[in-house]
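Below: the structure, in structure tokens.
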Amino acid sequence: MTTMQDPVRGRDAAGEAEPLLRLTWTDPVTGAHGYLVVHTLVSGLATGGTRMRAGCTLREVEDLARGMAAKTAAFDLPVGGAKGGIDFDPKDPRATEVLTRFCAAMRPWLDDHWVTAEDLGVPQHLIDDVFARLGLQQSYHAAISRSADPERTLRRVRAGLGTPVPGGLLGDVIGGYGVAQACFGAASAWGWAPETTTVAIQGIGTMGGGAAWYLHEAGMRVVAVADAAGTLYHPDGLDVPSLLELRDAFGEIDRSRVPEDVRRLPRGAVVGIEADILVPAAISYAITPDNTVDVAAKVVVEAANAATTPEAEAMLAGRGIPVIPDFVANAGAAAWAWWLLLGQVGADPEDSFRRLRTEMRAKVALLLERWITDGVTPRATARGWAFAREDTEVVIP
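Using the working numbering, you'd call the opening residue of the sequence shown number 34 and step up by one each time.
So, in structure tokens, the structure goes:
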């Protein structure tokens, strides 16, 4: 069986395969809507995080589920793609209870088929707490319960997620580490030395913050970061570790403690910052036809899911600016989670970093080689990988 869609399944107006399943949920207490979209199942399993934000839509979750299916295929993971989303403000004091009721309603899928994790507005520790309240122990439950020794697998997962590394816990930073490796791969494709390469990052939460940390540690100059309050900019490079210490639980930086020589700019200004690499690491659809003309970077590395609309990506390609797609650039967390589940990596962070570094840089090199030599967009090349792979049975030790 291949990952190409069953020919009897429908296709939308753009020719994309229709998802296998769409579910809409209404919270009986707040009236909030939540969504589960399962795009593909492989051996009865699909993986994808659960996000919470005011304004989240079914179409958004559907796009993200499609991206997860491409992500798992591009990294040859033995699982399909899905996504959950809740249209609710994660800062609302009722948010945890809304998330709990959503997960309870999705219990049939979470029990047996859907492996979920953190996403925008839902940190990993929160969703794990919700799973524990529901008696499911951990958000990878559907996969862990299938393993030959569920207790041993659960211990391995918890040990991996909780391993301390510079910058935080391994489970929190591994996704950002993968994005940083995608940036290094892009710089290498053009022969840019790290110390002379500049980066602007939109979003300084788990993914953007992790990427900023590892880029800074490797000597790249992170000249701008943006959060919900605006953009912080310094042409000589920001003190990333210090800024990360100033974040609150929602990834926003305390401006009262930011050095005076750091410029305060509007939130959207980060897109137009003069930098070699632009990393949108916050919301979906951050780069649209309306702001594409402002992009001053030489390459865009998507750390956020669906960060660039298809129309905007085509416009960027017309200007000679390639986009490393989300389902490659930000796949580090998903790939690592499944390597951990399958026992291919453990609690030693060097094993995890080495494998992700090797795979991510190699993939980005191939994407940009085709772009530079043949003008083929990175997304087109990566989709070819996704639809060419062969599925294998899930066997979790």
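Glycine residues also receive a C-beta, built at the ideal position from the N, C-alpha and C atoms.
Taking buried to mean at least 16 other C-beta atoms within 10 Å of its own C-beta, is residue i buried or exposed?
i: Arg-92; result: exposed
i: Thr-321; result: exposed
i: Arg-42; result: Caution is warranted here: a pLDDT of 41 is assigned to Arg-42, below 50, making its placement in the model unreliable, and the coordinate value is therefore given only provisionally. Arg-42 comes out exposed.
i: Pro-12; result: Missing from the structure shown is residue 12; the chain here goes from 34 to 430 and no further.
i: Ala-282; result: exposed
i: Asp-182; result: exposed
i: Gly-351; result: exposed
i: Thr-229; result: exposed
i: Gly-353; result: exposed
i: Trp-223; result: exposed
i: Asp-45; result: No answer about Asp-45 holds up, because its pLDDT of 47 lies below 50 and its placement is not dependable.
i: Pro-411; result: buried
i: Asp-269; result: exposed
i: Thr-59; result: exposed
i: Ser-289; result: exposed
i: Gly-417; result: exposed
i: Thr-406; result: exposed
i: Ala-47; result: Model confidence at Ala-47 stands at a pLDDT of 44, short of 50, so the residue's coordinates are unreliable; what they give is reported in the following sentence. Flag for Ala-47 reads exposed.
i: Ala-7; result: The requested residue 7 is not part of the displayed model; the chain covers only 34 to 430.
i: Ser-172; result: buried
i: Thr-36; result: With a pLDDT of 31 at Thr-36, under the threshold of 50, the modelled position of this residue cannot be trusted; read the value that follows with caution. Thr-36 should be labelled buried.
Can the beta-carbon of residue i be found closer than 9 Å to that of residue j?
i: Asp-152; j: Gly-77; result: no
i: Ala-262; j: Ile-286; result: yes
i: Pro-227; j: Ala-257; result: no
i: Val-333; j: Val-356; result: yes
i: Leu-90; j: Gly-118; result: For the record, residue 90 in the displayed sequence is Thr; it is not Leu. Their beta carbons are under 9 Å apart, which means Thr-90 touches Gly-118 by this criterion.
i: Gly-154; j: Arg-86; result: yes
i: Leu-349; j: Val-328; result: yes
i: Gly-284; j: Gly-243; result: no
i: Leu-97; j: Val-71; result: no
i: Ala-319; j: Val-304; result: yes
i: Glu-102; j: Ala-413; result: In the sequence under discussion, the amino acid at residue 102 is Ala, which differs from the Glu named in the question. No, Cβ-Cβ distance for Ala-102 and Ala-413 is not below 9 Å.
i: Pro-313; j: Glu-344; result: no
i: Lys-116; j: Val-131; result: no
i: Ser-13; j: Ala-339; result: The requested residue 13 does not occur in the structure, where the chain is confined to residues 34 to 430.
In the DSSP output, what is residue i paired with across the bridge?
i: Met-85; result: Ile-119
i: Ile-357; result: Val-334
i: Gly-114; result: Thr-80
i: Tyr-266; result: Ala-257 and Arg-296
i: Gln-170; result: For Gln-170, which the question treats as bridged, DSSP gives no partner whatsoever.
i: His-66; result: Thr-59
i: Trp-147; result: Ala-79
i: Ile-429; result: DSSP, once it has assigned bridges, lists no residue as partnering Ile-429.
i: Ile-320; result: Thr-341
Quick one, which of the options has its alpha-carbon nearest residue i's?
i: Phe-108; options: Pro-292, Thr-406, Ala-87 and Lys-396; result: Lys-396
i: His-66; options: Arg-134, His-72 and Thr-57; result: Thr-57
i: Leu-248; options: Asp-260, Ala-150 and Leu-271; result: Leu-271
i: Trp-372; options: Glu-392, Pro-358 and Glu-293; result: Glu-392
i: Lys-331; options: Leu-311, Arg-388 and Ala-380; result: Leu-311
i: Arg-188; options: Leu-375, Thr-406 and Asp-384; result: Leu-375
i: Ala-215; options: Ser-172, Pro-358 and Val-112; result: Pro-358
i: Leu-400; options: Trp-246, Ala-50 and Ala-220; result: Ala-220
Under the assumption that residue i contacts residue j (Cβ atoms under 8 Å), give the Cβ distance between them as a whole number of angstroms.
i: Tyr-266; j: Ile-234; result: The pair is not a contact, with the Cβ atoms about 11 Å apart (cut-off 8 Å).
i: Asn-363; j: Met-240; result: 6 Å
i: Leu-203; j: Pro-382; result: 5 Å
i: Ala-213; j: Ala-370; result: With 8 Å as the limit, Ala-213 and Ala-370 do not qualify as a contact, their Cβ atoms being about 18 Å apart.
i: Trp-147; j: Ala-106; result: 17 Å between Cβ atoms; not a contact.
i: Thr-80; j: Gly-114; result: 7 Å
i: Gly-208; j: Gly-365; result: 5 Å
i: Phe-121; j: Ala-128; result: 6 Å
i: Leu-277; j: Val-291; result: At roughly 12 Å, the Cβ-Cβ gap does not stay under 8 Å, so Leu-277 and Val-291 are not in contact.
Looking at residue i and the ligand ZN, is the gap between the Cβ and the nearest heavy atom below 8 Å?
i: Ala-315; result: Annotation note on the ligand ZN: not contained in the displayed structure, which lists no ligands.
Would you say residue i reaches chain D, if we count a Cβ-Cβ gap shorter than 9 Å as a contact?
i: Glu-285; result: Among the protein chains of the structure shown there is no chain D, as only one such chain exists.
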